[in-house]
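K.L.:
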Amino acid sequence: MGKPTRWVTDTGPDHSQWYVDRFRRLAAEGADLAGEARLLDAMVPPGARILDAGCGTGRVGAALAERGHTVVGVDADPVLVEAARVDHPGPTWLVADLTELDLPGEPFDAAVVAGNVLTFLAPGTEREVLRRLAAHLRPDGVLVVGFGTGRGYPLADFDADAAAAGLRQEHRFATWDLRPWRADADFAVTVLRRPAD
């Protein structure tokens, strides 16, 4: 594993279990936890191969698998990955550092980075993570990233890192349900593509 992530350095020792319990409670209460998956499902062909990068407890990847996609979820936190395996059998859930991501097999049609994952990375590793994600996409594959705009990773830096990783920005929205982007939005959902040429 690389440098410690903000998930480790900026939270307490019980944070991972709190996060697992929170999403189990939300699911039991019937909360809508599949918004990100609905968006990605609309962007890919049936039976797509999808990478859930920073998968956490597996809620996004599980919803995509329920829609017929082949999902591989990756997270650096073994507590979260174990919860994904227990709560959502079916997809492949792996413990891995996104800065060192090197998965064997066919490239992915798409990747999703939800839940503020980029803002929890180790500072200064964002560009390398985006580069590694781009390398796992097939030509013309799509990467959809969402995070809060006030969480220490300015959008200008994200845009520069994405471009340096060889990704082309196609769209930006203020929410996962595609509300229009505005400069004062507190959240950004960006659609990036690995160019086909």
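Under full-length UniProt numbering, the sequence shown has 4 at position 4, and the numbering climbs by one with no breaks. C-beta atoms are modelled at their ideal positions from N, C-alpha and C, and glycine is treated no differently.
(1) Considering only their Cβ atoms, is the gap separating Trp-176 from Leu-39 smaller than 9 Å?
(2) With C-beta atoms as the reference, is Leu-118 less than 9 Å away from Glu-126?
(3) Going straight from the alpha carbon of residue 200 to that of Thr-57, what length do you get?
(4) Taking contact to mean 3 or more Cβ pairs, one atom from each stretch, closer than 8 Å, check whether the stretch 67-78 and the stretch 153-169 are in contact.
(5) Which of the three DSSP states is assigned to Pro-78 in this structure?
(6) For the beta strand (DSSP E) containing Gly-141, name the first residue and the last one.
(7) Using alpha carbons as the reference points, say which of Leu-64, Gly-30 and Ala-28 lies closest to Pro-45.
(8) Our contact map puts Phe-108 next to Leu-51 with C-beta atoms below 8 Å; I'd like the distance itself, whole angstroms only.
(9) Considering Trp-176, what are the terminal residues of the beta strand (DSSP E) in which it resides?
P.N.:
In this structure, then:
(1) Locating residue 39 in the sequence shown gives position 39, counting from the first residue. Locating residue 176 in the sequence shown gives position 176, counting from the first residue. The criterion of a C-beta distance shorter than 9 Å is satisfied by Leu-39 and Trp-176.
(2) Counted from its first residue, the sequence shown places residue 118 at position 118. Counted from its first residue, the sequence shown places residue 126 at position 126. Cβ atoms of Leu-118 and Glu-126: closer than 9 Å.
(3) Because the chain spans 1 through 197 in this model, residue 200 falls outside it and cannot be assessed.
(4) no
(5) Here residue 78 refers to the residue found at position 78 of the sequence shown. Pro-78 falls in the helix class under three-state DSSP.
(6) Working through the sequence shown from its first residue, we reach residue 141 at position 141. Unbroken beta strand (DSSP E) run through Gly-141: 137-148.
(7) The count along the sequence shown starts at 1 and reaches residue 45 at position 45. The candidate whose alpha carbon is nearest that of Pro-45 is Leu-64.
(8) Mapped onto the sequence shown, residue 108 falls at position 108. Mapped onto the sequence shown, residue 51 falls at position 51. So it is a contact: roughly 4 Å between Cβ atoms.
(9) Numbered from its first residue, the sequence shown carries residue 176 at position 176. Careful: Trp-176 lies outside any beta strand (DSSP E) and carries neither H nor E.
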